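Numbering-wise (this note's numbering), the sequence shown opens with residue 1 and increments by one. Positions of the beta carbon are idealized from the N, C-alpha and C atoms, including for glycine. Source: prediction; values computed, not measured.
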Amino acid sequence: MSNAADNVRPRASAPRGERIADWADGRLGIYGAAKKNIRKAFPDHWSFLLGEIALYSFIIIILTGVYLTLFFKPSMAEIHYEGSYVPMQGVLMSEAFASTLDISFDVKGGLLVRQIHHWAALIFLVAMFVHMMRVFFTGAFRKPRELNWLFGFLLLVLGMFTGFTGYSLPDDLLSGTGVRFMEGAILAVPVVGTYLAMFLYGGEFPGTEIIPRFFSIHVLLLPGIMLGLVVAHLILVFYHKHTQYPGPGRTNSNVVGFPLMPVYMAKAGGFFFLVFGVIAMISAAVQINPVWVIGPYRPDQVSTNAQPDWYMGFSEGLIRVMPGWEWVIPTGHTINFGVFIPLMIFPLVLAAIAVYPFFENWVTKDQREHHLLDRPRNAPTRTAFGAAWISWYFVLLVGGGNDLWAIFFDLSINAITWFVRIGFFVVPVLVFVVTRRICLGLQRRDRDKVLHGRETGIIKRLPHGEFVEVHEPLSQEQLHLLTQHEQRKPAELPPAVDENGVKRKVGPIERLRVRVSRGYFGPHAQIPKPTAKEYQEIMSGHGHH
1 MSNAADNVRP RASAPRGERI ADWADGRLGI YGAAKKNIRK AFPDHWSFLL
51 GEIALYSFII IILTGVYLTL FFKPSMAEIH YEGSYVPMQG VLMSEAFAST
101 LDISFDVKGG LLVRQIHHWA ALIFLVAMFV HMMRVFFTGA FRKPRELNWL
151 FGFLLLVLGM FTGFTGYSLP DDLLSGTGVR FMEGAILAVP VVGTYLAMFL
201 YGGEFPGTEI IPRFFSIHVL LLPGIMLGLV VAHLILVFYH KHTQYPGPGR
251 TNSNVVGFPL MPVYMAKAGG FFFLVFGVIA MISAAVQINP VWVIGPYRPD
301 QVSTNAQPDW YMGFSEGLIR VMPGWEWVIP TGHTINFGVF IPLMIFPLVL
351 AAIAVYPFFE NWVTKDQREH HLLDRPRNAP TRTAFGAAWI SWYFVLLVGG
401 GNDLWAIFFD LSINAITWFV RIGFFVVPVL VFVVTRRICL GLQRRDRDKV
451 LHGRETGIIK RLPHGEFVEV HEPLSQEQLH LLTQHEQRKP AELPPAVDEN
501 GVKRKVGPIE RLRVRVSRGY FGPHAQIPKP TAKEYQEIMS GHGHH
């Protein structure tokens with residue numbers, strides 16, 4: 001009889017691949033980690049694809065950027081162009097612009113890769129913007145995901161500046177105008193503005209250092225930071241588990257979805273190639289940034305219809321609509337408030353959305369973990385804040401393109417400028433009020449559906465002659481969806497005196513928090529959910545049905 005140990009194959013006779021896998025697992029613990037996480041569930045909803053679009057666009061940007069780096073020359077040394085693009089032959093330009101023309105006309109696939117790179121950058125920022133709005137409106141930023149919200153915000157901001165440095169690299173007349181715009185903003189900073197500009201540009205504008213420095217920032221510094229943030233963002237998503245929309249069987253302590261392997265990974269891989277294909281198709285069919293039409297940058301010229309990309313348009317809108325106020329202080333220095341004030345408002349527009357999760361947490365004092373998402377209508381005040389912020393952003397975007405609005409719609413540019421100046425203060429308030437009213441109306445409709453059922457359009461005459469519309473009761477799944485959300489009670493101030501008759505001291509910050517909480521969760525800010533008693537009365541026939 002043979003021993004069971006005799007049937008065990010010696011490790012030396014195992015296939016090479018298996019031995020390598022064992023060696024790696026003994027040092028990295030790959031098998032244990034994979035066994036634990038390979039069946040991790042991920043919920044399925046179309047809105048979750050927005051974050052994936054941003055991730056895949058970022059990967060496409062990295063891949064195409066590596067290819068373009070092989071041929072681009074980040075130099076401002078002046079040469080006479082002798083390349084294959086005949087209209088530019090003999091024109092004095094920088095080596096950066098000349099290499100951009102070479103990539104576009106002489107490198108095989110260079111123009112397509114350039115356009116894929118540019119379109120992927122725009123789609124990356126659009127996807128991040130919409131993804132963050134989805135996270136905001138559904139409350140996915142609540143504990144334990146506040147840090148991940150900040151990572152996403154930093155990715156958006158860094159993506160904006162990476163895009164700015166990227167489209168400045170060709171040194172064409174349009175991008176050069178944007179760089180000159182940035183120089184003016186930096187110079188408007190009191191006291192240190194001149195020093196900052198000299199440090200960044202390496203001397204007087206335009207100098208000979210700005211393109212090489214932008215190249216280092218665009219290729220090394222910002223992408224490196226963003227890559228680290230992307231990895232940290234994905235690790236936290238994996239660690240905290242993915243949020244999910246409410247539904248039957250879904251709670252804060254479980255995840256209903258597909259396993260990571262093989263279902264989710266197969267879908268994610270296919271979606272990556274779909275995103276890549278769509279971006280490539282757009283890039284092949286729709287021209288973007290034709291620098292050979294605009295020409296090389298010259299400090300004594302400015303391109304007409306000069307507009308930044310959409311994500312930077314609001315910053316130019318701040319500059320264009322701000323009155324040209326200046327102060328000359330006794331020391332002889334001039335403070336240009338027409339640029340300095342917009343320069344200070346610029347980060348505030350972005351920071352307003354970045355700090356919101358911490359503001360809401362301060363209002364609610366809620367320390368629980370939240371893995372179920374909110375329906376936006378069930379958080380009317382938060383939804384109204386988000387809509388107001390978006391309207392604020394787009395009002396400034398109109399201001400950044402006031403000349404184009406005036407040309408294409410035959411309007412007065414002064415009228416557009418004054419509309420933006422007034423709308424900067426008025427439009428967000430109006431949008432806030434209207435949005436919250438809409439959310440309350442939707443809550444009221446949901447309440448009526450729960451109590452009376454769905455309208456069928458069938459009119460029935462009762463024996464005593466009354467005409468009523470027949471309502472169809474909702475399914476248990478629909479009832480759960482409309483009633484599962486939690487409704488908070490507004491915070492209240494403690495009694496004026498404690499149990500010992502001693503007067504309580506309540507600070508102004510706590511009083512402010514209570515007032516804000518009433519604005520969030522008071523009777524005018526949410527419609528009460530139907531109670532079980534109300535539902536039973538309706539269903540028993542004592543109410544109108």
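Handout entry: Rounded straight-line distance, which links the Cα of Ile-210 to that of Leu-200
Key = Counting from one through the sequence shown, the residue named residue 200 turns up at place 200. Counting from one through the sequence shown, the residue named residue 210 turns up at place 210. Rounded to the nearest angstrom, the two C-alpha atoms are 7 Å apart.
Practice task
Taking the CB atoms as reference points, tell me whether Met-198 and Gly-159 lie closer together than 8 Å.
Solution key: Sequence index remark: in the sequence shown, residue 198 carries index 198 (1-based). Sequence index remark: in the sequence shown, residue 159 carries index 159 (1-based). Not a contact, by the Cβ cut-off of 8 Å.
Handout entry: Which listed residue (His-464, Gln-478, Gln-484 and Arg-454) has its alpha carbon closest to that of Val-470
Key = The residue labelled residue 470 in the question sits at position 470 within the sequence shown. Closest by alpha carbon: Arg-454.
Practice task
Output the distance between the C-alpha atoms of His-371 and Pro-490, rounded to the nearest integer angstrom.
Solution key: Indexing the sequence shown from 1 puts residue 371 at position 371. Indexing the sequence shown from 1 puts residue 490 at position 490. If you take the alpha carbons of His-371 and Pro-490, they lie about 22 Å apart.
Exercise for the section: Mind reading off the beta-carbon distance from Asp-410 to Tyr-297? Whole number of angstroms is fine, and I expect it under 8 Å. Expected result: For the purposes of this step, residue 410 is taken as residue 410 along the sequence shown, with counting starting at 1. For the purposes of this step, residue 297 is taken as residue 297 along the sequence shown, with counting starting at 1. Between Tyr-297 and Asp-410 the Cβ distance is about 31 Å, and since that is not below 8 Å, they are no contact.
Handout entry: Simplified DSSP assignment, three categories, for Gln-536
Key = Counting from 1 along the sequence shown, the entry for residue 536 is found at position 536. Correct three-state label for Gln-536: helix.
Exercise for the section: Note down the Cα distance separating Phe-385 from Gly-401, rounded to an integer number of angstroms. Expected result: Taking the sequence shown and counting its residues from 1, the one referred to as residue 385 is at position 385. Taking the sequence shown and counting its residues from 1, the one referred to as residue 401 is at position 401. When rounded, the distance between both Cα atoms is 25 Å.
Exercise for the section: Take Pro-206 and list the residues in its own chain whose beta-carbon comes closer than 8 Å to its own, dropping the five residues that flank it on each side. Expected result: Residue numbering aside, residue 206 sits at position 206 when the sequence shown is read from its first letter. Answer for Pro-206: Met-76, Gly-176, Val-179, Arg-180, Tyr-297 and Pro-299, listed in chain order.
Problem - Length of the line joining the Cα atoms of Ser-315 and Glu-477 - result: By 1-based counting over the sequence shown, the position of residue 315 is 315. By 1-based counting over the sequence shown, the position of residue 477 is 477. Computed Cα separation, rounded: 46 Å.
Problem - Backbone secondary structure at Asn-361 - three-state DSSP - result: As a first step, residue 361 is located in the sequence shown; it is residue number 361 there, counting from the start. The three-state reading of DSSP puts Asn-361 in helix, counting H, G and I together.
Practice task
Decide if Met-312 is buried, meaning its Cβ has at least 16 other Cβ atoms within 10 Å, or exposed.
Solution key: Here residue 312 corresponds to residue number 312 of the sequence shown, with the count starting at 1. So Met-312 ends up on the buried side.
Problem - Residues near Phe-141 by beta carbon distance below 7 Å, same chain, minus five either side - result: Reading the sequence shown from its first residue, position 141 is the one you call residue 141. Counting only Cβ-Cβ distances below 7 Å, and skipping sequence neighbours, we find Val-135, Trp-149 and Pro-357.
Exercise for the section: Using beta-carbon positions only, say whether His-452 and Pro-248 come within less than 8 Å of one another. Expected result: Working through the sequence shown from its first residue, we reach residue 452 at position 452. Working through the sequence shown from its first residue, we reach residue 248 at position 248. Their beta carbons are not under 8 Å apart, which means His-452 does not touch Pro-248 by this criterion.
Problem - Own chain, CB closer than 6 Å to Val-324, minus 5 neighbours either side, in chain order - result: Mapped onto the sequence shown, residue 324 falls at position 324. The question names Val, but residue 324 in the sequence shown is Gly. Contacts found: Gly-338.
Exercise for the section: Using only alpha-carbon positions, find the residue among Val-427, Pro-144 and Leu-28 that is nearest to Leu-236. Expected result: Stepping through the sequence shown from its first residue, residue 236 is reached at position 236. Leu-236 has its Cα closest to that of Pro-144, out of Val-427, Pro-144 and Leu-28.
Practice task
Identify every run of the alpha helix (DSSP H) within the region 140-211, keeping only runs that are complete inside it and at least 4 residues long; order them along the chain.
Solution key: You should have 146-168, 173-187 and 193-201.
Problem - Sequence-distant residues of the same chain with beta carbon closer than 6 Å to Ala-387, five excluded per side - result: For this step, residue 387 is matched to residue 387 along the sequence shown. Result list for Ala-387: Val-431 and Thr-435, in chain order.
Handout entry: Cβ pair Pro-630, Leu-49 closer than 8 Å
Key = No information on residue 630 is available, as it lies outside the stretch 1 to 545 that the chain covers here.
Problem - Helix, strand or coil at Gly-324 [DSSP, three-state] - result: Here residue 324 refers to the residue found at position 324 when the sequence shown is read from its first residue. Correct three-state label for Gly-324: coil.
Exercise for the section: Out of Val-219, Ala-96 and Met-226, point me to the one whose CA is closest to Pro-170's CA. Expected result: Along the sequence shown, read from residue 1 onward, the residue named residue 170 stands at position 170. The residue from Val-219, Ala-96 and Met-226 with its alpha-carbon nearest to that of Pro-170 is Ala-96.
Practice task
Would you mind reading off the limits of the alpha helix (DSSP H) that contains Ser-391?
Solution key: Counting from 1 along the sequence shown, the entry for residue 391 is found at position 391. Ser-391 -> alpha helix (DSSP H) spans 380-400.
Problem - Whole-Å CB distance - Val-426 paired with Gly-399, under 8 Å assumed - result: For this step, residue 426 is matched to residue 426 along the sequence shown. For this step, residue 399 is matched to residue 399 along the sequence shown. With 8 Å as the limit, Val-426 and Gly-399 do not qualify as a contact, their Cβ atoms being about 14 Å apart.
Practice task
May I ask you to verify whether the region 256-274 touches the region 65-73, counting CB pairs closer than 8 Å and requiring at least 3?
Solution key: no
Practice task
May I ask which residues mark the beginning and end of the alpha helix (DSSP H) holding Asn-414?
Solution key: Locating residue 414 in the sequence shown gives position 414, where the first residue counts as 1. 413-452 is the extent of the alpha helix (DSSP H) around Asn-414.
Practice task
Express the C-alpha separation of Gly-109 and Gly-163 in angstroms, rounding to a whole number.
Solution key: Translated into the one-based positions of the sequence shown, residue 163 becomes position 163. Translated into the one-based positions of the sequence shown, residue 109 becomes position 109. Near 22 Å, if we compare the C-alpha coordinates of Gly-109 and Gly-163.
Exercise for the section: In angstroms with no decimal places, state the Cα-to-Cα distance between Gly-90 and Ile-335. Expected result: Residue 90 sits at position 90 when you count from the first residue of the sequence shown. Residue 335 sits at position 335 when you count from the first residue of the sequence shown. One Cα belongs to Gly-90, the other to Ile-335, and the distance between them is close to 43 Å.
Problem - Where the alpha helix (DSSP H) through Val-126 begins and ends - result: By one-based count along the sequence shown, residue 126 stands at place 126. For Val-126, the enclosing alpha helix (DSSP H) has its first and last residue at 110-137.
Problem - Neighbourhood of Arg-461 by C-beta, 7 Å cutoff - its chain only, sequence neighbours within 5 removed - result: In the sequence shown, counting from the first residue as 1, residue 461 sits at position 461. Result list for Arg-461: Phe-467, in chain order.
Exercise for the section: Please state if the CB of Ala-525 and the CB of Thr-381 are separated by a distance shorter than 8 Å. Expected result: What you label residue 381 is simply residue 381 of the sequence shown in a count that begins at 1. What you label residue 525 is simply residue 525 of the sequence shown in a count that begins at 1. Cβ atoms of Thr-381 and Ala-525: closer than 8 Å.
Exercise for the section: Tell me, to the nearest whole angstrom, how far the beta carbon of Arg-437 is from that of Ile-527; I am working on the premise that it is less than 8 Å. Expected result: Locating residue 437 in the sequence shown gives position 437, counting from the first residue. Locating residue 527 in the sequence shown gives position 527, counting from the first residue. Arg-437 to Ile-527, Cβ: 11 Å. No contact.
Practice task
Determine the closest residue to Val-293 out of Leu-101, Phe-42, Asp-498 and Pro-494, with distance taken between C-alpha atoms.
Solution key: The count along the sequence shown starts at 1 and reaches residue 293 at position 293. When only C-alpha atoms are compared, the closest one is Leu-101.
Handout entry: Own chain partners of Ser-47 with C-beta closer than 6 Å, once the 5 adjacent residues on each side are dropped
Key = In the sequence shown, counting from the first residue as 1, residue 47 sits at position 47. Closer than 6 Å at Cβ, skipping near neighbours: Arg-134.
Handout entry: Short Cβ contact (8 Å threshold) for Asp-309 with Leu-440
Key = As a working mapping, residue 309 is identified with position 309 in the sequence shown. As a working mapping, residue 440 is identified with position 440 in the sequence shown. No, the pair does not count as a contact, with Cβ atoms beyond the cut-off.
Practice task
Inspect the beta-carbon positions of Val-275 and Ile-53 and report whether they are closer than 8 Å.
Solution key: The residue labelled residue 275 in the question sits at position 275 within the sequence shown. The residue labelled residue 53 in the question sits at position 53 within the sequence shown. Cβ atoms of Val-275 and Ile-53: closer than 8 Å.
Exercise for the section: Can you grab the Cα-Cα spacing for the pair Asn-252 / Lys-365, in whole Å? Expected result: Position 252 of the sequence shown, counted from the first residue, corresponds to residue 252. Position 365 of the sequence shown, counted from the first residue, corresponds to residue 365. Going by the C-alpha atoms only, they are around 18 Å apart.
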